[in-house]
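Visitor: Take this structure first; my questions come after.
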Amino acid sequence: MVLIFSQHSNVSAAVLSEVELAANARIHILNFRVDDSPLGDDLRFYLQRLHWFDALTPPIEQHHARLVQMIQRLLTPSSTVKEEELPPPPPAPPEVVPRKPGGLRATKFPLLRIVLLVALVAGGAVAIWRWIDGGPPAPQPTHAHTDAHRRQVEPDSHAGVIPHDTER
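Read in numbering that gives the first Met the number 0, the sequence shown has 167 at position 168, and its numbers run on one by one without any break.
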């Protein structure tokens, strides 16, 4: 695989996916840098230990020629590679045990899950709205009620008044 690394490929989800697939399949990755962008964290995991071919200095054709030579060298079958030197095949994947029928799974009843989620969100929205609103408004008192309340609350007009002619 040839990765032409630039600021755009550094942030591309598709490039990250392809590099991840190649790395997991142990495919040789040639890194060909065409600008001076720093390596992002996502790609750094897969590419930090690989050799980079920098094509930052002109003439660019010289760098292209070097890349072509490297690709040809990798594609040419080597007569010196023996079968013993090849890596062993990967182990077989573990056998998948089927679930027992009738078990409740997360994918069952998707409509019920959606209804419960909507009800939860609606209940939370109503609670927040009431909290912000301050609850129901207090009832306004009528005039008869106000007059009776005033009579109870108003102090006696003579209470607490000290006559002037009393001695102290």
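For each residue, glycine too, the CB sits at the ideal point set by N, CA and C.
Starting from ILE3, trace the alpha helix (DSSP H) in both directions and tell me its first and last residue.
Guide: Here ILE3 belongs to no alpha helix (DSSP H); instead the beta strand (DSSP E) covers 1–4.
Visitor: Quick one: measure Cβ to Cβ for VAL18 and LEU2, integer angstroms, because I've assumed they're closer than 8 Å.
Guide: 6 Å
Visitor: Note down the Cα distance separating LEU74 from LEU115, rounded to an integer number of angstroms.
Guide: 57 Å
Visitor: What would DSSP say about ASP34, mapped onto helix, strand or coil?
Guide: coil
Visitor: Locate the alpha helix (DSSP H) running through LEU55, then write down its first and last residues.
Guide: Element bounds for LEU55: n/a, residue is neither H nor E.
Visitor: Can you list, in chain order, the residues of its chain with a C-beta nearer than 7 Å to that of ALA54? Leave out the 5 residues immediately preceding and following it.
Guide: PHE31, ARG32, VAL33, HIS62
Visitor: In angstroms, rounded to a whole number, what distance separates the CA positions of ALA21 and LEU29?
Guide: 11 Å
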